[in-house]
Each structure stands twice: as structure tokens, then as C-alpha cells.
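**Q** Mapped onto the UniProt record's numbering, the consecutive letters of the sequence shown carry residue numbers 1 to 105.
Where is the CB? At the ideal position from N, CA and C, for every residue including glycine.
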Amino acid sequence: MAKKTVVTLVDDIDGSEAIETLAFSFDGTSYEIDLSKSNAKAFRKAMQSYVDAGRKTSVRTGRRPASRTSDARDIRAWAAANGVDVPARGRIPASVQEQYRAAAS
Numbered sequence: 001m002a003k004k005t006v007v008t009l010v011d012d013i014d015g016s017e018a019i020e021t022l023a024f025s026f027d028g029t030s031y032e033i034d035l036s037k038s039n040a041k042a043f044r045k046a047m048q049s050y051v052d053a054g055r056k057t058s059v060r061t062g063r064r065p066a067s068r069t070s071d072a073r074d075i076r077a078w079a080a081a082n083g084v085d086v087p088a089r090g091r092i093p094a095s096v097q098e099q100y101r102a103a104a105s
């Protein structure tokens with residue numbers, strides 16, 4: 001027996017059928033909203049004066065930069081001096097890195 005799943009987007013404003021999902025960001029929080037053609041047009045019209053007056057920025061990621069070798073060396077030395085088990089090579093567990101940062105602050 002065949003099975004068919006149908007997904008229908010619903011406009012988040014008025015409950016009608018949505019035709020697109022718009023992504024936007026405000027005060028550091030990213031949002032998505034599903035809108036019908038008319039509500040998408042109204043959203044773009046409402047935002048246009050702010051877009052015209054604003055400036056584009058690059059997208060920020062939530063990732064931290066990878067640890068540098070000197071950081072790893074310092075963490076391993078601290079761990080050895082404080083009886084914390086840490087592998088001699090490879091990635092240092094996040095829990096050990098957190099302990100090191102807490103002790104250093």
C-alpha cells in the first residue's frame with residue numbers, strides 16, 4: 001500500500017494558505033514566518049524603509065574558534081598539575097577546558 005504525506009503551509013498571521021517562508025532577524029534573534037502572498041507583500045512593504053536606512057552585516061556563527069596549540073599545552077599542563085585526567089594527544093574534553101577556564105578566572 002502506498003502512503004502519501006502532504007504538508008500544507010499555513011499563514012502565521014491569518015491562517016490562510018502560505019506560499020513562502022520568510023526569514024528575518026531582530027534584536028539578535030532570528031525568526032521565520034510562513035506567509036501568504038498578500039501578507040508577504042505587506043511584510044516587505046513594512047520593512048522596506050528600515051532596510052533602505054539600514055546597512056548589511058555579515059552573519060555571525062555561534063561557533064567558538066578552535067583551541068590553539070599553546071592553549072592546549074597550557075590546559076594539559078594545568079590538568080597534570082591538578083590531577084585531572086586528560087589525553088596526551090588529540091582533543092581535550094570540553095569539561096576539562098571548562099575546569100581550566102574556571103580556575104584561570
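Note down the Cα distance separating Asn39 from Tyr31, rounded to an integer number of angstroms.
**A** 16 Å
**Q** Quick test of the definition: if touching needs 3 or more C-beta pairs under 8 Å, does the region 44-52 touch the region 77-94?
**A** At 8 Å Cβ cutoff, the stretches do not touch.
**Q** Can you look up Ser70 in the DSSP assignment and give me helix, strand or coil?
**A** helix
**Q** Would you please state the rounded distance, in angstroms, between the beta carbons of Leu9 and Leu22? I believe it to be under 8 Å.
**A** With 8 Å as the limit, Leu9 and Leu22 do not qualify as a contact, their Cβ atoms being about 11 Å apart.
**Q** Looking at the structure shown, is Ala23 part of a helix, part of a strand, or coil, going by DSSP?
**A** strand
**Q** So, are the CB atoms of Asp11 and Ala2 less than 8 Å apart?
**A** no
**Q** When the Cα atoms are used, what is the spatial distance from Arg44 to Thr5?
**A** 31 Å
**Q** Taking the beta strand (DSSP E) that Glu32 belongs to, which residues open and close that run?
**A** Thr29 to Leu35
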